[in-house]
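So the structure is just underneath, and the comments pick up after that.
Given below as structure tokens:
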């Protein structure tokens with residue numbers, strides 16, 4: 002009977018150690034998740050700030066394109082650039 006009580010006591014001690022280990026690991030995981038959450042919040046704030054800045058720049062660019070004559074000038078410049086590159090290619094080859 003005494004031997005059974007000792008074995009149960011040892012089993013309870015091992016179980017207690019396991020529970021303590023799991024408790025400590027749970028706290029470590031919680032702390033790590035709190036740190037990761039803080040980092041993600043910082044990234045989110047940075048992304049929001051950058052998105053706001055990009056929105057402002059996009060509006061300013063659209064206003065500049067409209068002021069400069071719209072997309073037709075951009076298309077004309079692109080077409081002329083392609084023609085110039087093609088002619089330069091022909092000059093170099095010939």
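In our numbering, the protein residues as written are 2 to 95.
C-beta atoms are modelled at their ideal positions from N, C-alpha and C, and glycine is treated no differently.
It should be emphasised that the depicted structure is a prediction, and the values quoted were computed from it without experimental measurement.
Review point. Excluding five sequence neighbours on each side, which residues of the same chain lie with their C-beta closer than 6 Å to the C-beta of residue 30?
Key: Within the same chain, residue 30 has no close Cβ partners at all.
Using 8 Å as the threshold, is the C-beta distance between residue 66 and residue 72 below it?
Yes.
I need the DSSP call for residue 27, collapsed to helix, strand or coil. Residue 27: helix per DSSP, three-state reduction.
For residue 47, the three-state DSSP class (helix, strand or coil): In the three-state scheme derived from DSSP, where H, G and I count as helix and E and B as strand, residue 47 is classed as helix.
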